[in-house]
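Scroll down for the structure; my scribbles are underneath it.
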Amino acid sequence: MDRHEQVVRQLVSQACEQANGKPVLEVWLAVALCAELDDKNLHFYWDKWAAGTPCHGAKLHVRQVKYIQECPQCGHIFPANDLHEPCPECNTRHSATLVGEDCVLLERIATYEGR
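Here our numbering = 1-based position in the sequence shown + 105.
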């Protein structure tokens, strides 16, 4: 299993958990440059690993950002285009830059609320 596939498998699992069994319509990701993941492979593996799950058929939105930061004060993880960008939760200015597989962030999902 290559790195794209491992990352996507984990993201599908996270999205399914957040959906609480509801069908997932859309998923938004922030992918930092350090992740070195390309959109084409992310979409390919998304379709493969989402099959048979609540994420099956969900539209994947991939947003490229420079960094994924983690706030040392409140622990919030957020996408950033500047190393000095303050935490959007607590406004702390000194965040840690994440690397490796942590360079991909599941920002949000949209589920079908239905009846």
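Even glycine gets a Cβ: it sits at the ideal position worked out from N, Cα and C.
Just so you know, these numbers come straight off a predicted model, no measurement behind them.
Cβ separation of residue i and residue j, assumed to be a contact under 8 Å, to the nearest whole Å
| i | j | result |
| --- | --- | --- |
| Y172 | A137 | 5 Å |
| E112 | V209 | Note that residue 112 is Val in the sequence shown, not Glu. Their Cβ separation, rounded to whole angstroms, is 5 Å, which keeps V112 and V209 in contact under 8 Å. |
One or two residues paired with residue i in a DSSP bridge
| i | result |
| --- | --- |
| W183 | Just to set this straight, residue 183 is Phe in the shown sequence, not Trp. According to DSSP, which records beta bridges pairwise, F183 is partnered with Q174. |
| V209 | V136 |
Spatially closest choice to residue i from the options, by CA coordinates
| i | options | result |
| --- | --- | --- |
| G180 | N196, V170, P128 and G126 | N196 |
Same chain only: Cβ atoms within 7 Å of residue i, ignoring 5 sequence neighbours per side
| i | result |
| --- | --- |
| A155 | V117, H161 and A163 |
| C176 | C192, E194, C195, T197 and S200 |
Close Cβ partners of residue i (< 6 Å) along its chain, the five nearest in sequence each way excluded
| i | result |
| --- | --- |
| N125 | none |
| F183 | Q174 and P193 |
| Q123 | I214 |
Beta-carbon proximity of residue i to residue j, cut-off 8 Å
| i | j | result |
| --- | --- | --- |
| H109 | Y150 | yes |
Residues near residue i in its chain [Cβ-Cβ closer than 8 Å; skip 5 each side]
| i | result |
| --- | --- |
| E218 | K127 |
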